[in-house]
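In our numbering, each residue carries its 1-based index in the sequence shown increased by 7.
For glycine and all other residues, C-beta sits at the position ideal for the given N, C-alpha and C.
Input: a single structure, listed below in structure tokens.
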Amino acid sequence: MVKIACIGAGYVGGPTMAMIALKCPHIEVVVLDINKARIDAWNSPELPIYEPGLQEVVAEARGRNLFFSTDVEKHCSEADIIFVSVNTPTKTRGVGAGFAADLAYWESAARTIAAVSTTNKIVVEKSTVPVKTAHAIQKVLERNCVHPGVRFDILSNPEFLAEGTAIDDLTAPDRVLIGGRDDLESGRAAIAALKEVYANWVPEERILTTNLWSSELSKLVANAFLAQRISSINSISALCEETGANVKEVANAIGMDTRIGAKFLNASVGFGGSCFQKDILNLVYICQSEGLKEVADYWNQVVLMNDYQKNRFVKRMISSMFNTISGKKLAILGFAFKKDTGDTRETPAIDVCQGLMDDGAKCCIYDPQVKEQQIFRDMATAKFEWDHPTVKSGVNPYETQLSTVSDAYAACDGAHAVSVLTEWDEFKTLDWQKVYDSMVKPAFVFDGRNILDHDKLRSIGYIVYGLGKPLDPFVTGN
Ligand code: UDX
Ligand code: ADP
8 MVKIACIGAG YVGGPTMAMI ALKCPHIEVV VLDINKARID AWNSPELPIY EPGLQEVVAE
68 ARGRNLFFST DVEKHCSEAD IIFVSVNTPT KTRGVGAGFA ADLAYWESAA RTIAAVSTTN
128 KIVVEKSTVP VKTAHAIQKV LERNCVHPGV RFDILSNPEF LAEGTAIDDL TAPDRVLIGG
188 RDDLESGRAA IAALKEVYAN WVPEERILTT NLWSSELSKL VANAFLAQRI SSINSISALC
248 EETGANVKEV ANAIGMDTRI GAKFLNASVG FGGSCFQKDI LNLVYICQSE GLKEVADYWN
308 QVVLMNDYQK NRFVKRMISS MFNTISGKKL AILGFAFKKD TGDTRETPAI DVCQGLMDDG
368 AKCCIYDPQV KEQQIFRDMA TAKFEWDHPT VKSGVNPYET QLSTVSDAYA ACDGAHAVSV
428 LTEWDEFKTL DWQKVYDSMV KPAFVFDGRN ILDHDKLRSI GYIVYGLGKP LDPFVTGN
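Structure, rendered in structure tokens:
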């Protein structure tokens with residue numbers, strides 16, 4: 008029986024391996040992590056991540072041919088194919104800080120593999136990594152391997168799943184990309200072995216094979232292009248507000264051009280998630296390192312536009328609410344970076360809430376999937392302005408200006424404004440009359456995702472700001 012091990016039981020490793028196990032009952036799949044609490048959760052009824060459909064997939068395969076364990080050494084030593092799906096955050100210090108990917112977790116995983124391998128291994132890069140990482144990893148593996156003659160074949164197999172739709176994306180991927188050393192016989196055999204795994208459910212024409220560097224780069228470029236589309240439409244949302252155009256109508260009109268396409272054109276308060284910003288910064292760093300300043304500046308602008316959009320939203324709220332939000336309760340609906348996930352990494356809500364709290368507002372947050380503890384942890388890492396009076400008095404604002412509740416109505420009760428930051432479906436069907444009745448007047452709605460029925464809200468009495476839409480008379484300039 009072929010055995011697959013995966014180091015890293017996170018948002019990528021967990022669901023991907025669960026799908027492989029589901030579709031390949033003849034393969035034993037073991038997902039490994041150094042974080043015992045995470046593994047315990049994968050082995051329990053309450054999985055560590057929220058993802059529609061995941062529970063069912065895990066329930067079918069777990070205990071049959073899908074296992075979760077902290078015994079990294081044992082299972083890596085036994086495996087034929089080892090996926091590495093550890094975190095690769097942006098470096099916070101040293102050379103490339105703020106841009107380059109931190110490969111410390113990857114290197115440590117590679118050292119473990121090298122130390123325990125007594126048979127040939129196919130090592131698969133699943134985490135997003137900088138171009139040419141495979142080269143560095145090959146060296147770490149070969150130089151640290153204690154057993155002579157063991158061969159490591161490195162493959163790049165980037166994951167393109169999006170959170171919230173991971174199971175659908177894994178079930179029917181647009182494509183599976185496998186990069187490897189097609190100039191070597193062992194490299195070709197490794198590519199074929201991995202291809203055989205996916206061929207159990209993915210049509211062959213959707214499995215692309217490339218050289219290693221193309222595969223590594225494609226992942227960064229795919230995310231850069233996707234993020235660029237959002238920054239592009241967000242930049243147009245600012246122009247729409249100034250000119251009286253409607254960004255939804257513009258997006259619809261341009262999206263019908265098949266060359267442009269309709270997807271990923273929703274203007275928003277900003278993109279978040281663990282990948283977009285990190286991958287673009289990584290791309291920018293690579294371009295800089297290669298002396299391509301103009302190319303680096305071009306892509307960096309996608310991130311700067313995203314920051315501008317978050318800032319613009321905060322300023323719009325403040326200026327509309329008579330330039331003063333100090334002491335006012337503001338209901339924040341949604342904290343996750345998108346709907347159908349509990350993930351808050353790089354969520355625009357952190358920056359928006361920080362901006363509002365810097366101005367003295369009291370943010371009351373409700374999100375159906377993000378736990379209170381997580382929100383407080385995220386906001387504790389926000390960098391408040393140190394000349395802010397609350398901070399100056401020695402109090403961290405998140406202790407006095409931040410609260411969370413477990414339903415949307417409680418968040419809105421007594422609030423001056425409601426701000427929609429995540430497009431959760433349940434916000435669309437709230438009893439908006441009931442919400443209005445419980446709010447301070449004039450009652451504002453700032454729809455950062457354009458999911459609500461704005462005309463209906465206006466007829467109830469709300470002053471409404473829809474991102475990128477013609478402005479209500481009471482909604483004032485930036
Ligand atoms: C992304 C890529 O889509 C995926 O292929 C890759 O593997 C990982 O990164 P993810 O971050 O999970 O996936 O979510 P995605 O759906 O791409 O959304 C990213 C951010 O963009 C979210 O904050 C989302 O709200 C925002 N977004 C998306 C918009 O603001 N407008 C859109 O039209 C689409
Ligand atoms: P992603 O979104 O890319 O899946 P996550 O942060 O959700 O990233 O998951 C990465 C996981 O990898 C974490 O659970 C972390 O504990 C695990 N991890 C990191 N380094 C190692 C290692 N050397 N051995 C085992 N697990 C590791």
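Using C-beta distances below 7 Å, list every residue in its chain close to residue 265, excluding the 5 sequence neighbours before and after it, in chain order. The count along the sequence shown starts at 1 and reaches residue 265 at position 258. The beta carbon of residue 265 is closer than 7 Å to none in its chain, skipping five residues each way along the sequence.
Considering Cα atoms alone, identify which of 95, 81, 108, 203 is closest to residue 120. Sequence index remark: in the sequence shown, residue 120 carries index 113 (1-based). The residue from 95, 81, 108, 203 with its alpha-carbon nearest to that of residue 120 is 81.
Over what stretch of residues does the alpha helix (DSSP H) that includes residue 3 continue unbroken? What is shown of the chain runs 8 to 485, which leaves residue 3 out entirely.
Taking all protein chains shown into account, do 16 or more other C-beta atoms lie within 10 angstroms of the C-beta of residue 70, making it buried, or fewer, making it exposed? The residue labelled residue 70 in the question sits at position 63 within the sequence shown. By the neighbour-count rule (16 or more Cβ atoms within 10 Å), residue 70 is not buried but exposed.
Go through the residues and name those whose CB comes closer than 5 Å to any heavy atom of ligand 1, in chain order. Taking each Cβ in turn, the ones that pass are 167, 169, 170, 237, 271, 273, 275, 278, 279, 280, 282, 344, 345.
Ends of the beta strand (DSSP E) at residue 88? For the purposes of this step, residue 88 is identified with residue 81 of the sequence shown, where counting begins at 1. For residue 88, the enclosing beta strand (DSSP E) starts and ends at 88-91.
Three or more C-beta pairs below 8 Å linking the stretch 265-284 and the stretch 73-80: No: fewer than three Cβ pairs fall under 8 Å.
Pick helix, strand or coil for residue 447, following the three-state DSSP scheme. Residue 447 sits at position 440 when you count from the first residue of the sequence shown. Taken through DSSP and simplified to helix, strand or coil, residue 447 comes out as coil.
Could you name the residues that DSSP lists as bridge partners for residue 411? For this step, residue 411 is matched to residue 404 along the sequence shown. Here residue 411 is bridged, per DSSP, to 372.
Beta carbon of residue 92: closer than 7 Å to some heavy atom of ligand 2? To locate residue 92, count along the sequence shown from 1; it is residue 85. Result yes, Cβ under 7 Å from ligand 2.
Pick out the complete alpha helix (DSSP H) segments inside the stretch 117-167, 4 residues or longer, and give them in chain order. Segments of the alpha helix (DSSP H) lying fully in the stretch 117-167: 140-151.
Bridge partners of residue 424, per DSSP? Numbered from its first residue, the sequence shown carries residue 424 at position 417. Bridge partners of residue 424: 337, 451.
Which runs of the beta strand (DSSP E), 3 residues or longer, sit entirely within the stretch 39-122? Runs of the beta strand (DSSP E) inside the stretch 39-122: 73-76, 88-91.
Please name the residue or residues paired with residue 216 in a DSSP beta bridge. Translated into positions along the sequence shown, residue 216 becomes position 209. 185.
State yes or no: is the C-beta of residue 17 nearer than 7 Å to some heavy atom of ligand 2? Translated into the one-based positions of the sequence shown, residue 17 becomes position 10. For residue 17, the shortest C-beta to heavy atom distance toward ligand 2 is below 7 Å.
Starting from the C-beta of residue 353, find all residues in its chain whose C-beta is less than 7 Å away, skip the five residues before and the five after it, and write them out in chain order. Walking along the sequence shown from the start, residue 353 turns up at place 346. In the same chain as residue 353, and ignoring 5 residues on each side of it, the C-beta atoms closer than 7 Å to its own belong to 279, 280, 281, 284, 344, in chain order.
Return the bridge partner residues of residue 27 from the DSSP annotation. As a working mapping, residue 27 is identified with position 20 in the sequence shown. Beta-bridge pairing links residue 27 to no other residue.
Tell me whether residue 11 counts as near ligand 2, meaning its Cβ is closer than 7 Å to at least one heavy atom of that ligand. For the purposes of this step, residue 11 is taken as the residue at position 4 of the sequence shown. Outside the cutoff, so no.
Once the 5 residues before and after residue 336 are set aside, which same chain residues still bring their CB inside 7 Å of it? Mapped onto the sequence shown, residue 336 falls at position 329. Setting aside the 5 residues that flank it on each side, residue 336 is surrounded in the same chain by 369, 371, 421, 422, 423, each with a C-beta closer than 7 Å to its C-beta; the list follows chain order.
In chain order, what residues of the same chain lie with their CB nearer than 6 Å to the CB of residue 236, ignoring the 5 residues before and after it? As a working mapping, residue 236 is identified with position 229 in the sequence shown. Taken in chain order, the residues that qualify are 271.
CA-CA distance, residue 212 and residue 143? On the sequence shown, position 205 is the one that residue 212 refers to. On the sequence shown, position 136 is the one that residue 143 refers to. If I take the Cα positions, the gap works out to 31 Å.
In whole angstroms, what is the alpha-carbon distance linking residue 148 and residue 154? Working through the sequence shown from its first residue, we reach residue 148 at position 141. Working through the sequence shown from its first residue, we reach residue 154 at position 147. If you take the alpha carbons of residue 148 and residue 154, they lie about 11 Å apart.
Hey, out of 109, 287, 259, 164, whose CA is closest to residue 274's CA? Taking the sequence shown and counting its residues from 1, the one referred to as residue 274 is at position 267. It is 259 whose Cα lies nearest to the Cα of residue 274.
Determine, using beta carbons only, whether residue 305 and residue 106 come nearer to each other than 8 Å. Taking the first residue of the sequence shown as 1, we reach residue 305 at position 298. Taking the first residue of the sequence shown as 1, we reach residue 106 at position 99. It is not a contact, given that the beta carbons lie outside the stated cut-off.
For the alpha helix (DSSP H) holding residue 260, just list the boundary residues, first then last. For the purposes of this step, residue 260 is taken as residue 253 along the sequence shown, with counting starting at 1. For residue 260, the enclosing alpha helix (DSSP H) starts and ends at 254-262.
Are three or more beta carbon pairs between the stretch 152-167 and the stretch 221-238 nearer than 8 Å? Counting Cβ pairs under 8 Å, three or more are found: they touch.
What does DSSP give as the partner residue(s) for residue 12 in the beta ladder? Mapped onto the sequence shown, residue 12 falls at position 5. Under DSSP, residue 12 forms a beta bridge with 37, 89.
Could you check what DSSP says for residue 276 in three-state terms: helix, strand or coil? Here residue 276 corresponds to residue number 269 of the sequence shown, with the count starting at 1. If DSSP states are grouped into helix, strand and coil, residue 276 belongs with coil.
Should the stretch 82-94 be regarded as contacting the stretch 50-60, the criterion being three or more beta carbon pairs within less than 8 Å? Contact between the stretch 82-94 and the stretch 50-60 is absent: fewer than 3 CB-CB pairs across the two stretches fall below 8 Å.
Could you round the C-beta distance between residue 472 and residue 454 to whole angstroms and report it? I think they count as a contact, below 8 Å. Counting from 1 along the sequence shown, the entry for residue 472 is found at position 465. Counting from 1 along the sequence shown, the entry for residue 454 is found at position 447. Rounded to whole angstroms, the Cβ separation of residue 472 and residue 454 is 7 Å, and the two are in contact under 8 Å.
Tell me the rounded alpha-carbon separation between residue 478 and residue 248. Position 471 of the sequence shown, counted from the first residue, corresponds to residue 478. Position 241 of the sequence shown, counted from the first residue, corresponds to residue 248. Between the alpha carbons of residue 478 and residue 248 lies a gap of roughly 6 Å.
Alpha helix (DSSP H) containing residue 357: first to last residue? Along the sequence shown, read from residue 1 onward, the residue named residue 357 stands at position 350. Segment 355-365, the alpha helix (DSSP H) holding residue 357.
Check whether the stretch 90-98 touches the stretch 10-25, counting contact only when three or more Cβ pairs, one atom from each stretch, lie closer than 8 Å. A contact exists between the stretch 90-98 and the stretch 10-25.
Return yes when at least one heavy atom of ligand 2 lies under 7 Å from the C-beta of residue 286, else no. For this step, residue 286 is matched to residue 279 along the sequence shown. No, ligand 2 has no heavy atom inside 7 Å of this Cβ.
Does the beta-carbon distance from residue 288 to residue 310 come in below 8 Å? For the purposes of this step, residue 288 is identified with residue 281 of the sequence shown, where counting begins at 1. For the purposes of this step, residue 310 is identified with residue 303 of the sequence shown, where counting begins at 1. Going by beta carbons, residue 288 and residue 310 fall inside the 8 Å limit.
Residue 458 - DSSP class collapsed to helix/strand/coil: As a first step, residue 458 is located in the sequence shown; it is residue number 451 there, counting from the start. Reduced to three states, the DSSP call for residue 458 is coil.
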